[in-house]
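>
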Amino acid sequence: PGRNAQIIPYGFMRSFRALDTRDPNNPHFVTDGFDPDAGVDAKLVFKDSLVLDVAVNPDFSQVESDEPQVTVNQRFEVFFPEKRPFFLENSSFFETPINLFFTRRVADPQYGIRLTGKKGPYAIGALFADDESPGKIVPPIDPVFGKRAHFGIFRVQRDIFKQSTLGVMVTDREFAGGFNRVGGLDTRLKLTKNWVTTLQAVTSSTELADGTKLAGPAYKARLRHTGYQFFYNLDYDDRSPAFVTDTGFLADQVVEGFVFRARDIPRPFLRTDVRSVAQFVTYRFRPEGKRFISWGPSLFLNPVWDHQGTRLDLFHDAGLSWEFTGQTLIEVYETADRELLRPQDFVGLTANRDFYQTRKGVFAKSDYISGATFRAEYSQGTRINFVPPTGQTPALANVNRANLQLTLRPLVPLRIENAYLLERLTDRARGDSIFNNHIARSKWSWQFNRELTLRVILQYNAVLSNPERTALETRKNFNADFLLTYQVNAWTALYVGYNGNRQNLDLVTTSTGREIVRTPNFLNDANQFFVKFSYLVRF
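With positions in the sequence shown counted from 1, the corresponding number in my numbering is that position plus 12.
1) Three or more beta-carbon pairs under 8 Å between the segment 78 to 91 and the segment 120 to 128, yes or no?
2) Tell me which residues share the same chain as Thr465 and place their Cβ nearer than 6 Å to its Cβ, disregarding the 5 neighbours each side in the sequence.
3) By the 10 Å Cβ neighbour count, where 16 or more other Cβ atoms means buried, how is Leu100 classified, buried or exposed?
4) Is Gly360 helix, strand or coil when you go by DSSP?
5) Is the separation between the beta-carbon of Arg440 and that of Asn410 shorter than 8 Å?
6) What does the alpha-carbon distance come out to for the pair Arg200 and Phe140?
7) By a C-beta neighbour count over all protein chains shown, 10 Å radius and 16 as the cutoff for buried, is Tyr22 buried or exposed?
8) Take Lys59 as the anchor and find which of Arg117, Gly132 and Pro406 has the nearest alpha-carbon.
9) Would you call the CB atoms of Thr394 and Thr419 closer than 8 Å?
10) Hey, which unbroken runs of the beta strand (DSSP E) at 3 residues or more fall wholly within the segment 24 to 87?
11) Give the C-beta separation of Phe447 and Leu416 to the nearest angstrom, bearing in mind that I take them to be a contact with Cβ-Cβ under 8 Å.
12) Hey, how far is the Cα of Gly124 from the Cα of Gly525?
13) Do you know whose CA, among Ala213, Lys225 and Val118, lies nearest Arg185's CA?
14) Taking the alpha helix (DSSP H) that Lys148 belongs to, which residues open and close that run?
15) From the DSSP output, read off the bridge partner residues of Pro315.
16) Have a look at Tyr472, Val359 and Leu326 and flag the residue whose alpha-carbon is nearest the alpha-carbon of Leu352.
17) Compute the distance between the beta-carbons of Thr218 and Val256, then report whether it is under 8 Å.
18) Would you list the one or two residues that DSSP bridges to Gln159?
19) Please state whether DSSP places Lys174 in a helix, a strand or coil.
20) In whole angstroms, what is the alpha-carbon distance linking Asp349 and Leu324?
21) Quick check: the Cα distance between Pro400 and Phe358, rounded to an integer number of angstroms?
22) Tell me the DSSP secondary structure of Pro97 in three-state form.
23) If the criterion is Cβ atoms closer than 8 Å, does the pair Leu235 and Arg251 meet it?
24) Pairs of beta-carbons, one from the segment 535 to 548 and one from the segment 493 to 513, closer than 8 Å: are there three or more?
25) Where does Phe166 fall in DSSP's three states?
26) What residues match up with Asn397 in a beta bridge as DSSP calls it?
27) Taking 8 Å as the threshold (C-beta atoms), are Leu437 and Asn85 in contact?
28) Quick one: Cα of Leu64 to Cα of Val194, how far?
29) Could you tell me which of Ala492, Asp493 and Lys488 sits nearest to Leu517, measuring between CA atoms?
30) Please name the residue in Thr108, Asn412 and Pro97 whose C-alpha comes closest to that of Arg116.
31) Note down, in chain order, each residue of its chain lying with its Cβ closer than 6 Å to the Cβ of Phe24, except the 5 sequence neighbours on either side.
32) So, under 8 Å CB-CB, Ile294 and Pro309 are touching, yes? Tell me the CB distance rounded to an integer number of Å.
33) Entirely within the segment 488 to 513 and at least 3 residues each: give me those beta strand (DSSP E) ranges in chain order.
34) Determine the DSSP secondary structure at Ser523, reduced to helix, strand or coil.
35) Taking only three categories from DSSP, how would you classify Thr284?
36) Between Leu226 and Ala188, how many whole angstroms is the CB-CB distance? I'm expecting something under 8 Å.
Written as structure tokens, this is what we have:
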């Protein structure tokens, strides 16, 4: 003990076929029957406290696809959690009340260096990485083609008083002559046994590639009470119009609840130029009977304004839930949001327009039956159609939502995870369809023995649109992912995988080149077969 090192070299070979859509006037297929690659991961541990990780040409082919989420008719970016091992390990060292480092911003790194650890009262985190994706997603004629972004993240946190901390965070992203830098202070203070507050103040400095400069602060304050029956959370967020974080993710996607594995409560998207006050409160009556454990109401309120005082959102969510043995929970709820759209938000709007959206729903989840986990949610109400036909403006529509998840363990070595999502918009006056979005996913994992595992993921995503009511295209996508893993330990492993994708599209020749058109038939637009081997060397 005191110091050790390990190196994990890997070799990688793939054959692939993919549709290159970077140039909209010349989409074409790219194929390669033999594409070898290699890389190395290294880990050095200093005095059992500091860990230095280095990744050169990392590969994440074995990482499974994201859990399904509805991404159509979304006004803002949808959050997908990180899944890559290099970025997941010791990620807590970079966490702050405002999410200033969302690791998926580093989409395609060729190197990564991370130092994390704790020495006495100090916790340290530093990360440096590049990202080739900005220079890869553009056509060769683009000025930034082939260029890469560079990331630098630094975090220090010190324990103070009792169960309290004080920290500093600095982030930097450089690309194509521009930069975005954010820095600030944060603290977590344990006020009493049940009350905790967290505070953060940061400021950003941004220079765009064209020379435009932006600068502005952002603040977050939280007061939270956690108890056996009573839970209360107050958040205040303030983001100036010129605040930018190219390394972070500004929005809190869901409300942090109190009941174990309860329903995810969405909240208004926190972007720049907003002031937000969010309160969540719940009280649990606890009879603690043989089968009936607790019940209680919950309430979430979240008004949002811009810095001119214009109200942008007035959101609330009220629920009543009952908790039973077997981790069983049933909840009925009602949610509403008075959302304001301004001319700067959508082309075609000539004045501010208010939309009152409401939904009523029911949620249930249970682990009562051995070998089965069930989670379901259904709601209906109204929702803005953010993707109207060209030339029209957003309008209120009827919405139906469903989310079903069922995990089964029929045999000891077999785990089956199933999910189905539905998002349906219909016209309020005529009742005809605007779009239907169906997402179905099934993941099968078979553990043959301690080392050998087979994973199969099948996913279908269909958007069935009405061109008279929406600018969305009808599209269907089917993806199959197979992975055979022989894993001696977390670092020495052999992966053999295949991924195939089919869509309802075709390439047609036009007078100006080629274009992608949607068809009733499926085309194999992407596939990949790969073999990857990594081996742990310790010294």
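Backbone N, C-alpha and C fix where the C-beta goes; we use that ideal spot for every residue, glycine too.
Walking through what the data contain:
1) no
2) Numbered from 1 along the sequence shown, position 453 holds the residue referred to as residue 465. Cβ within range, chain order: Gln459 and Thr497.
3) Numbered from its first residue, the sequence shown carries residue 100 at position 88. Exposed: under 16 other Cβ atoms inside 10 Å.
4) Against the sequence shown, residue 360 aligns to sequence position 348. Looking at Gly360 - three-state DSSP - the assignment turns out to be coil, as it is neither helix nor strand.
5) In the sequence shown, residue 440 corresponds to position 428, counting from 1. In the sequence shown, residue 410 corresponds to position 398, counting from 1. Contact flag set, yes.
6) On the sequence shown, residue 200 is found 188 positions in, with the first residue counted as 1. On the sequence shown, residue 140 is found 128 positions in, with the first residue counted as 1. Each residue's Cα considered, the two are about 26 Å apart.
7) Residue 22 sits at position 10 when you count from the first residue of the sequence shown. It is buried - the Cβ of Tyr22 has at least 16 other Cβ atoms within 10 Å.
8) On the sequence shown, residue 59 is found 47 positions in, with the first residue counted as 1. Lys59 has its Cα closest to that of Gly132, out of Arg117, Gly132 and Pro406.
9) Residue numbering aside, residue 394 sits at position 382 when the sequence shown is read from its first letter. Residue numbering aside, residue 419 sits at position 407 when the sequence shown is read from its first letter. No; because the gap between Cβ atoms is not below 8 Å, this pair is not in contact.
10) 40 to 58 and 62 to 68
11) Sequence index remark: in the sequence shown, residue 447 carries index 435 (1-based). Sequence index remark: in the sequence shown, residue 416 carries index 404 (1-based). Actually they are not in contact, since the Cβ atoms of Phe447 and Leu416 sit about 20 Å apart, beyond 8 Å.
12) Within the sequence shown, numbered from 1, the residue matching residue 124 stands at position 112. Within the sequence shown, numbered from 1, the residue matching residue 525 stands at position 513. Using only the alpha carbons, I get a separation of about 40 Å.
13) Taking the first residue of the sequence shown as 1, we reach residue 185 at position 173. Nearest option by C-alpha distance: Val118.
14) Taking the first residue of the sequence shown as position 1, residue 148 is located at position 136. Taken as a continuous stretch (DSSP letters only), the alpha helix (DSSP H) holding Lys148 covers Ser145 to Lys148.
15) Counted from its first residue, the sequence shown places residue 315 at position 303. For Pro315, which the question treats as bridged, DSSP gives the partners Leu326.
16) Looking up residue 352 in the sequence shown gives position 340. Comparing Cα-Cα distances from Leu352 to each of Tyr472, Val359 and Leu326, the minimum goes to Leu326.
17) Here residue 218 refers to the residue found at position 206 when the sequence shown is read from its first residue. Here residue 256 refers to the residue found at position 244 when the sequence shown is read from its first residue. Going by C-beta atoms, Thr218 is nearer than 8 Å to Val256.
18) On the sequence shown, position 147 is the one that residue 159 refers to. What sits at residue 159 in the sequence shown is Lys, not Gln. Bridge partners of Lys159: none, in fact.
19) Your numbering for residue 174 matches position 162 in the sequence shown. Looking at Lys174 - three-state DSSP - the assignment turns out to be coil, as it is neither helix nor strand.
20) Walking along the sequence shown from the start, residue 349 turns up at place 337. Walking along the sequence shown from the start, residue 324 turns up at place 312. The alpha-carbon atoms of Asp349 and Leu324 are separated by roughly 10 Å.
21) Working through the sequence shown from its first residue, we reach residue 400 at position 388. Working through the sequence shown from its first residue, we reach residue 358 at position 346. Their Cα atoms are separated by approximately 11 Å.
22) Residue 97 sits at position 85 when you count from the first residue of the sequence shown. DSSP places Pro97 in helix when its eight states are reduced to three.
23) Taking the sequence shown and counting its residues from 1, the one referred to as residue 235 is at position 223. Taking the sequence shown and counting its residues from 1, the one referred to as residue 251 is at position 239. Pairing Leu235 with Arg251 gives a Cβ-Cβ distance that is not under 8 Å.
24) A contact between stretches requires three or more CB pairs, one per stretch, nearer than 8 Å, and the segment 535 to 548 meets this requirement with the segment 493 to 513.
25) One-based indexing of the sequence shown puts residue 166 at position 154. Under the three-state reduction of DSSP output, Phe166 falls in the strand class.
26) Position 385 of the sequence shown, counted from the start, is the residue given in the question as residue 397. DSSP, once it has assigned bridges, lists Ala407 as partnering Asn397.
27) Counting from one through the sequence shown, the residue named residue 85 turns up at place 73. Counting from one through the sequence shown, the residue named residue 437 turns up at place 425. Yes, the Cβ-Cβ distance between Asn85 and Leu437 is below 8 Å.
28) On the sequence shown, position 52 is the one that residue 64 refers to. On the sequence shown, position 182 is the one that residue 194 refers to. Their Cα atoms are separated by approximately 24 Å.
29) The residue given as residue 517 occupies position 505 in the sequence shown. Comparing Cα positions, the closest option is Lys488.
30) By one-based count along the sequence shown, residue 116 stands at place 104. If we check each option's Cα against that of Arg116, Pro97 comes out closest.
31) Looking up residue 24 in the sequence shown gives position 12. So the list reads Asp49, Asp71 and Lys544, once near-sequence residues are dropped.
32) Here residue 294 refers to the residue found at position 282 when the sequence shown is read from its first residue. Here residue 309 refers to the residue found at position 297 when the sequence shown is read from its first residue. Note that residue 294 corresponds to Thr in the displayed sequence, not to Ile. Yes, Thr294 and Pro309 are in contact; Cβ-Cβ is about 7 Å, under 8 Å.
33) none
34) As a first step, residue 523 must be located in the sequence shown, where it is residue number 511. In the structure shown, the three-state DSSP call for Ser523 is coil.
35) Counting from 1 along the sequence shown, the entry for residue 284 is found at position 272. Looking at Thr284 - three-state DSSP - the assignment turns out to be coil, as it is neither helix nor strand.
36) Taking the sequence shown and counting its residues from 1, the one referred to as residue 226 is at position 214. Taking the sequence shown and counting its residues from 1, the one referred to as residue 188 is at position 176. No, Leu226 and Ala188 are not in contact; Cβ-Cβ is about 16 Å, not under 8 Å.
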